[in-house]
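A quick write-up on the structure given underneath.
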Amino acid sequence: MKFGGTSVGSPERMKALIPLITDPEKKIVVLSAMSGTTNALVEITDLLYADNANEASLKIEILREKYHKVVDELYDSEEFRTTGHELINSHFDYINNFTLRVFTKLQEKAIVAQGELISTALFHHLLKERNLKSALLPALNFMRIDKDGEPDYFYIEENINRELRKHPADTLKITQGFICRNVFGETDNLKRGGSDYSASIIGAALKVREIQIWTDISGFHNNDPRFVEKTSVIRELSFDEAAELAYFGAKILHPSSVNPAREKNIAVRLKNTMDPEDEGTLITSNSVLLDYKAVAAKDGITVFRIKSARMLMAYGFLRKVFEIFEAYKTPIDMVTTSEVGVSLTIDNPQYLDEIAKDLRELGSVEVEKDQTIVCIVGDFRTEKTGSAPEIFTALNTIPLKMISYGGSQNSLSLLIDTKNKTQALRLLSKHIFNN
Ligand code: ADP
Ligand code: ASP
Ligand code: MG
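The numbers in numbering that gives the first Met the number 0 rise by one with no breaks, and the one at position 196 of the sequence shown is 195.
Here it is in C-alpha cells:
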C-alpha cells in the first residue's frame, strides 16, 4: 500500500491512514514525503548549487519550523512530542551541515531523501504512541538500481527478505518510497513521483496479492484533471493501457510504475485516501475494449527532423540514426518516416547538442523544443474501421506535428506544440468523451 504526498500531507491525514492499514492482512506500507517537502528540498539543493548558502539556510529553517508544528499536532503526549522534535532536529541539522561545505551531485540526493526518511519516521512514531506494533524497514537497505538506473531485482529480493526476517511476519511494515541506492551504494532516487515505482518494485519482488496506490483522487481518469473539467474515472485498465498512459504523462502513476506489476501479473489498484470506500481503478492483464478510453499528455519533448537524399531507397539508414541515440543512452519516444526523412522525439535533452551534431553527418537536421506528446488510448485494432477520424475532427484547429498509429493496438500518439496542449486535451474531452 503506497500513500502519496497528500495522503501524508498533514497530521490529520497521517492519523486518517491508521484505520486503512490496521486490518489483520499482512502488508507493507510505502510512504512518500509530506506534500511540498520534496519540492522544498529540491529548491534548497538548487540554492546550494548556486552557492547561496545563506538563502538555503533560511529555507531549511522554514521547513524545520513547519515540521516542528507537525510534531506538535501529530502526537498526544509530551513524551512523544519531545522525541518527535529531536527526530526533526536530527534530520534538519544533517541537511544544514551541507551549507558549510562545497556542494556535489551526490549530496543533492542525500538531501532530497530526507523527505521520505522524515515522513516514515514520524508515522512509525505515531503508531508507537498508539500502541500499534510496526517495523520500519529502511529502503536504503534493500532498494537498489543498477548501472543503467533499472531496479536490481536480484539484490532487492534478497535484501528485502533479509529485512523482513528481522521482524515477526504479522507485524505491520513501513518503508520509504522514492529513495534507493545506486550501483556505487550511494543514496539515489527513482526520480520524481518514484514512490509509486517503489511500491510496484517491492510488490513484484515479494509477489504480493495486490499493489495499491493510494492518492488524492478516486482512480484513473479519462483525461488530465489538472487541465480538463468533467473528467471521469475508468474502473478497469489493462497493464498495457495503464503503462502507456503513465509513460505519456498521466501524473497519477510514475512512468515506469506499471512495469514490475505487469511482469509478475500482480493487480494494481488505485484508491483515494480521501474517499476510501470508492472502488477506484483496477489494473490487470484483462483488457476491456472501448473506442476511446483515456488521454494523457507529456511535455518537455524535443523533435529531431532528419532529411537525407541518402535515405531514399537506402537500407541501413535508420540503423545509423538509432545508433546515435543509443550511443547517448537517450530513449526515443515517437518515430515517423517518409521517403526522404525521419522525425524522432526524445524527452531527455541532456545530450541534445551532441546528438544533433552526430545526426548532421547523415543529413540536414532540424531541432524543435517545447513539444508535447498527446497519447490516446482506446481500441485501435488495425482491422477495425471508423474510430480514429473523430480524433482528427476534434483536433482540426490544432497543428499536428507528428502522428503515430499502428505501433500498438491500443494507442495513438500525436505531437503538438506545448502551447496548444490544454486546448487539445479539452477538444478531445468534448469530442471523444462527449463532455
Ligand atoms: P501522489 O502525491 O499521491 O503521488 P500525484 O500528485 O503524484 O499524487 O498524482 C495524483 C494526481 O495526478 C491527481 O491529483 C491528478 O491531478 C493528477 N492526474 C493527472 N492525470 C490523471 C489521470 N488521468 N487520472 C487521475 N489523476 C491524474
Ligand atoms: N516525494 C517524491 C516526489 O515528490 C516521490 C513521490 O512522492 O512519489 O517526487
Ligand atoms: Mg505521485
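Beta carbons are placed, not taken as given, at the ideal position from N, Cα and C, and that holds for glycine.
(message) One question on the structure: do SER197 and VAL376 come within less than 8 Å of each other, judged by their Cβ atoms?
(response) no
(message) Let me check understanding here. Comparing Cα to Cα, which of LYS65, ASN160 and PHE219 lies closest to GLU278?
(response) PHE219
(request) Following the continuous beta strand (DSSP E) through ASP369, name the residue where it begins and the one where it ends. (result) 363 to 377
(message) Can you give me the C-alpha to C-alpha distance between GLU22 and LEU16, rounded to a whole angstrom?
(response) Position check: residue 22 holds Asp in this sequence, whereas Glu was assumed. Taking the straight line from one Cα to the other gives about 12 Å.
(request) State the CB to CB distance for the pair LYS1 and SER194, rounded to an integer number of angstroms; the pair is presumed to be in contact (CB under 8 Å). (result) 6 Å
(request) Give the DSSP-derived three-state secondary structure of GLY148 in the structure shown. (result) coil
(message) Taking the alpha helix (DSSP H) that MET13 belongs to, which residues open and close that run?
(response) 10 to 20 is the extent of the alpha helix (DSSP H) around MET13.
(request) Quick one: give me the first and last residue of the beta strand (DSSP E) that ALA393 is part of. (result) Unbroken run through ALA393 is the alpha helix (DSSP H), 388 to 393; no beta strand (DSSP E).
(message) Can you tell me where the beta strand (DSSP E) holding GLY406 begins and where it ends?
(response) 401 to 407
(message) So for LEU289, helix, strand or coil by DSSP?
(response) Per DSSP, reduced to three states, the secondary structure at LEU289 is coil, with no helix or strand assignment.
(request) Take every Cβ of the region 286 to 301, pair it with every Cβ of the region 331 to 347, and state whether three or more of those distances are shorter than 8 Å. (result) Yes: the two stretches touch, three or more of their Cβ pairs being nearer than 8 Å.
(request) Let me know the secondary structure DSSP gives PHE2 once reduced to three states. (result) strand
(request) Confirm the yes/no value for this check: CB of GLY8, any heavy atom of the ligand MG, distance under 7 Å. (result) no
(request) Tell me, please, whether the region 226 to 237 touches the region 144 to 154 by the rule of three or more beta-carbon pairs shorter than 8 Å. (result) Short answer: they don't touch.
(message) Out of LEU139, ILE173 and ASN221, which one is the CA nearest neighbour of PHE183?
(response) With distances taken between Cα atoms, PHE183 lies closest to LEU139.
(request) Would you decide whether THR392 is buried or exposed? Buried here means 16 or more other CB atoms lie within 10 Å of its CB. (result) Exposed, because fewer than 16 other Cβ atoms sit within 10 Å of the Cβ of THR392.
(request) Measure the alpha-carbon distance for MET33 versus GLU365 and round it to whole angstroms. (result) 43 Å
(message) Tell me the DSSP secondary structure of ARG180 in three-state form.
(response) Note: ARG180 maps to strand in three-state DSSP.
(request) Return the chain-ordered ranges of every beta strand (DSSP E) run that is complete within the region 228 to 282 and spans a minimum of 3 residues. (result) 235 to 237 and 266 to 271
(message) DSSP three-state label for GLY192, please.
(response) Taken through DSSP and simplified to helix, strand or coil, GLY192 comes out as coil.
(request) Name the two residues that bound the continuous beta strand (DSSP E) containing LEU131. (result) Per DSSP, LEU131 belongs to no beta strand (DSSP E) and is neither H nor E.
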